[in-house]
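All remarks here apply to the structure that follows.
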Amino acid sequence: MDTGCLSSMNITGTSQARSFAGQLPTHRCFASSSIQALKSSCLPGLSKTSTRKHINFLEAGQLSSFFRNSEQPTKPLQVVIAGAGLAGLSTAKYLADAGHKPILLEARDVLGGKIAAWKDEDGDWYETGLHIFFGAYPNIQNLFGELGINDRLQWKEHSMIFAMPNKPGEFSRFDFPETLPAPLNGIWAILRNNEMLTWPEKVKFALGLLPAMVGGQAYVEAQDGFTVSEWMKKQGVPDRVNDEVFIAMSKALNFINPDELSMQCILIALNRFLQEKHGSKMAFLDGNPPERLCMPIVDHVRSLGGEVRLNSRIQKIELNPDGTVKHFALTDGTQITGDAYVFATPVDILKLLVPQEWKEISYFKKLEKLVGVPVINVHIWFDRKLKNTYDHLLFSRSSLLSVYADMSVTCKEYYDPNRSMLELVFAPAEEWVGRSDTEIIEATMQELAKLFPDEIAADQSKAKILKYHVVKTPRSVYKTIPDCEPCRPLQRSPIEGFYLAGDYTKQKYLASMEGAVLSGKLCAQSVVEDYKMLSRRSLKSLQSEVPVAS
Numbered sequence: 001m002d003t004g005c006l007s008s009m010n011i012t013g014t015s016q017a018r019s020f021a022g023q024l025p026t027h028r029c030f031a032s033s034s035i036q037a038l039k040s041s042c043l044p045g046l047s048k049t050s051t052r053k054h055i056n057f058l059e060a061g062q063l064s065s066f067f068r069n070s071e072q073p074t075k076p077l078q079v080v081i082a083g084a085g086l087a088g089l090s091t092a093k094y095l096a097d098a099g100h101k102p103i104l105l106e107a108r109d110v111l112g113g114k115i116a117a118w119k120d121e122d123g124d125w126y127e128t129g130l131h132i133f134f135g136a137y138p139n140i141q142n143l144f145g146e147l148g149i150n151d152r153l154q155w156k157e158h159s160m161i162f163a164m165p166n167k168p169g170e171f172s173r174f175d176f177p178e179t180l181p182a183p184l185n186g187i188w189a190i191l192r193n194n195e196m197l198t199w200p201e202k203v204k205f206a207l208g209l210l211p212a213m214v215g216g217q218a219y220v221e222a223q224d225g226f227t228v229s230e231w232m233k234k235q236g237v238p239d240r241v242n243d244e245v246f247i248a249m250s251k252a253l254n255f256i257n258p259d260e261l262s263m264q265c266i267l268i269a270l271n272r273f274l275q276e277k278h279g280s281k282m283a284f285l286d287g288n289p290p291e292r293l294c295m296p297i298v299d300h301v302r303s304l305g306g307e308v309r310l311n312s313r314i315q316k317i318e319l320n321p322d323g324t325v326k327h328f329a330l331t332d333g334t335q336i337t338g339d340a341y342v343f344a345t346p347v348d349i350l351k352l353l354v355p356q357e358w359k360e361i362s363y364f365k366k367l368e369k370l371v372g373v374p375v376i377n378v379h380i381w382f383d384r385k386l387k388n389t390y391d392h393l394l395f396s397r398s399s400l401l402s403v404y405a406d407m408s409v410t411c412k413e414y415y416d417p418n419r420s421m422l423e424l425v426f427a428p429a430e431e432w433v434g435r436s437d438t439e440i441i442e443a444t445m446q447e448l449a450k451l452f453p454d455e456i457a458a459d460q461s462k463a464k465i466l467k468y469h470v471v472k473t474p475r476s477v478y479k480t481i482p483d484c485e486p487c488r489p490l491q492r493s494p495i496e497g498f499y500l501a502g503d504y505t506k507q508k509y510l511a512s513m514e515g516a517v518l519s520g521k522l523c524a525q526s527v528v529e530d531y532k533m534l535s536r537r538s539l540k541s542l543q544s545e546v547p548v549a550s
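Numbered according to full-length UniProt numbering, the sequence shown spans residues 1 to 550.
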């Protein structure tokens, strides 16, 4: 999922999609006074949770307007950005909005980073992950609005659907009623579901969560030192809540199990999902991410004078005598120089390229704790249309699989009335990422036989595989284990003129597409705020290069 990849449920006609879009805040500039007014007094008829949701969207809109309304530079900064994933694209987009010239370098021949996708010889797309967009993603929705591509988000009905392992082929639903505000709609969804948790388990679960509700953000942050499993034991939450809910949730959020995941991650997700009316509502992109999301950003950047270059891999960060960046040296021998430099790659790639002179600086030393988690994305095309599925994201609750979807139903570009294409997240993948594609497909088919008992058999005696693609990412989003939070860096580094962007950097949406986009905005904001200092540095550098007349 987005989390890494969770980002959707059944749209029954365009009217529903439009009605939801109409309930989202419009994308416009907001003055800080608007936010202060909203924070200081609840508007008539607006609940506190509704207010919180509006504040999140107002803050996202205000941050976007910061770039559009900032004073246009007399001499635009040339900012070199490494990595054209969502963080790098976001950084470039908002720097261009502020009148600067980003030079975005991507090592591969495809845009998107962790949302990259490729077209095979048949013209079918296969992706790095199963990407889900949530209603609680204000900066992503602002970005779509600013680019004029809101219609590319296919919103699904507000539900969460879980497979029932003890009842093969059956599902259990959490349906969020449209008529109730948050958090009542979420509470109603939980109380109405009697298939996964008993009433005593629901009560103990609620009591366990009470300190988080009362303690607020301070309590949530203090739970970073506990795994989900440790926290549940401490709070007296029954083991079955873990088995029925948290295993699936942990794997969807960070591709790992509850005995590894920091409880802070779960609490932040629950906070967003339960305190915002449409927080847990999901959408699928209507096609492949490089063309449907990344290219509009690239076109926008280029239209404002920025550059985007593929096949431009960084080999080394070359330094000046004072320890600041001299230039990025590429593997083809090219040297790219700028007024400022941004690394928007995954944290694991950054760590490989951190100059020796920087390694003992606390800011960079702490990065050692942040390590990408392996994940595998599986695509299987079948010879028939599978019936036991939904136009939605599905939680498999399998020991090997996380979430899955029939993309021939959920995604407009991949629609096929005659054949299903299942896209599945294989997680945790630590023990599987080194195995062959054949082994992974065989194991996946055994799990699918439980989810589709009448339609799929492990030996393919029922539905037959036409083809498959397996995409392995040995280091995906950072592994959100306990005590990672203090190691996440701010976007402005202690090295003058050097900045970071990426979901692992400090921002409130953790490892997600929203986190990547927000990190890019915060990074761009830091660069814009440092304009005078960066301009002085560049001028001084130019003056030092001018030969003195004899």
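Cβ coordinates follow ideal geometry from the N, Cα and C atoms, glycine included.
The structure presented is a predicted model; accordingly, all values stated were derived computationally and were not measured.
Exposure of residue i, with buried meaning 16 or more beta-carbon neighbours within 10 Å
i: L191; result: exposed
i: M282; result: buried
i: S436; result: exposed
i: V203; result: exposed
i: V214; result: exposed
i: D406; result: buried
i: K521; result: buried
i: S398; result: buried
i: S461; result: exposed
i: N418; result: exposed
i: A429; result: buried
i: E244; result: buried
i: P296; result: buried
i: R536; result: exposed
i: Q223; result: buried
i: Y531; result: buried
i: G148; result: exposed
i: T179; result: exposed
Three-state class that DSSP yields for residue i in the structure shown
i: R302; result: helix
i: H379; result: strand
i: L448; result: helix
i: I140; result: helix
i: R28; result: Bear in mind that the predicted position of R28 carries a pLDDT of just 36, short of 50, making it too unreliable to give a figure here.
i: P102; result: strand
i: K365; result: helix
i: R537; result: helix
i: W155; result: strand
i: L319; result: strand
i: K39; result: Here the model assigns K39 a pLDDT of 41, short of 50, so the residue's position is not dependable, and the following value carries that caveat. K39: helix per DSSP, three-state reduction.
i: S65; result: helix
i: S70; result: coil
i: F246; result: helix
i: S229; result: helix
Residue i - partner residues in DSSP beta bridges
i: L253; result: None, per the DSSP bridge assignment.
i: W118; result: Y126
i: Y499; result: V342 and R492
i: H469; result: H379
i: E423; result: H379 and A405
i: A399; result: According to the sequence displayed, residue 399 carries Ser and not Ala. Partner(s): none; S399 has no beta bridge.
i: E307; result: I103
i: Q335; result: A329
i: S172; result: F162
Option in the options with minimal Cα separation from residue i
i: F452; options: S420, K472, K326 and F426; result: S420
i: R302; options: L534, V373, A92 and S64; result: A92
i: V409; options: S362, E455, G502 and L285; result: L285
i: L330; options: R309, L210, E276 and Y94; result: R309
i: K351; options: T334, V371, G338 and T337; result: V371
i: L393; options: K385, V403 and R384; result: V403
i: S541; options: T438, E430, M445 and V325; result: V325
i: N56; options: A136, K101 and V79; result: A136
i: A60; options: Y499, N142 and P102; result: N142
i: A449; options: G169, N320 and H100; result: G169
i: S262; options: N271, E221 and H278; result: E221
i: N150; options: V354, I140 and S512; result: I140
i: K277; options: S512, A516, H54 and M513; result: H54
i: P76; options: A443, Q446, W358 and G305; result: G305
Closer than 6 Å: residue i CB and nearest the ligand MN heavy atom
i: Y504; result: You won't find the ligand MN in this model; it holds no ligand whatsoever.
State whether the stretch 251–258 contacts the stretch 105–118, with contact taken as three or more CB pairs (one from each stretch) at a distance under 8 Å. no
Would you say the stretch 286–296 touches the stretch 174–190, given that touching needs at least three Cβ pairs under 8 Å? no
For the stretch 336–355 against the stretch 83–90, do three or more pairs of beta-carbon atoms, one drawn from each stretch, fall closer than 8 Å, so that the two count as touching? Touching, yes, given that three or more Cβ pairs across the two stretches are closer than 8 Å.
How do the stretch 52–70 and the stretch 480–497 stand: do at least 3 beta-carbon pairs fall below 8 Å, yes or no? Put simply, the stretch 52–70 does not touch the stretch 480–497. Fewer than three CB pairs are less than 8 Å apart.
contact_flag[the stretch 91–105, the stretch 508–525] where n(CB pairs < 8 Å) is 3 or more: yes
Below 8 Å, how does it come out for the stretch 207–226 and the stretch 454–472: are there three or more Cβ pairs, yes or no? no
With three or more beta-carbon pairs closer than 8 Å as the criterion, would you say the stretch 472–479 touches the stretch 365–381? yes
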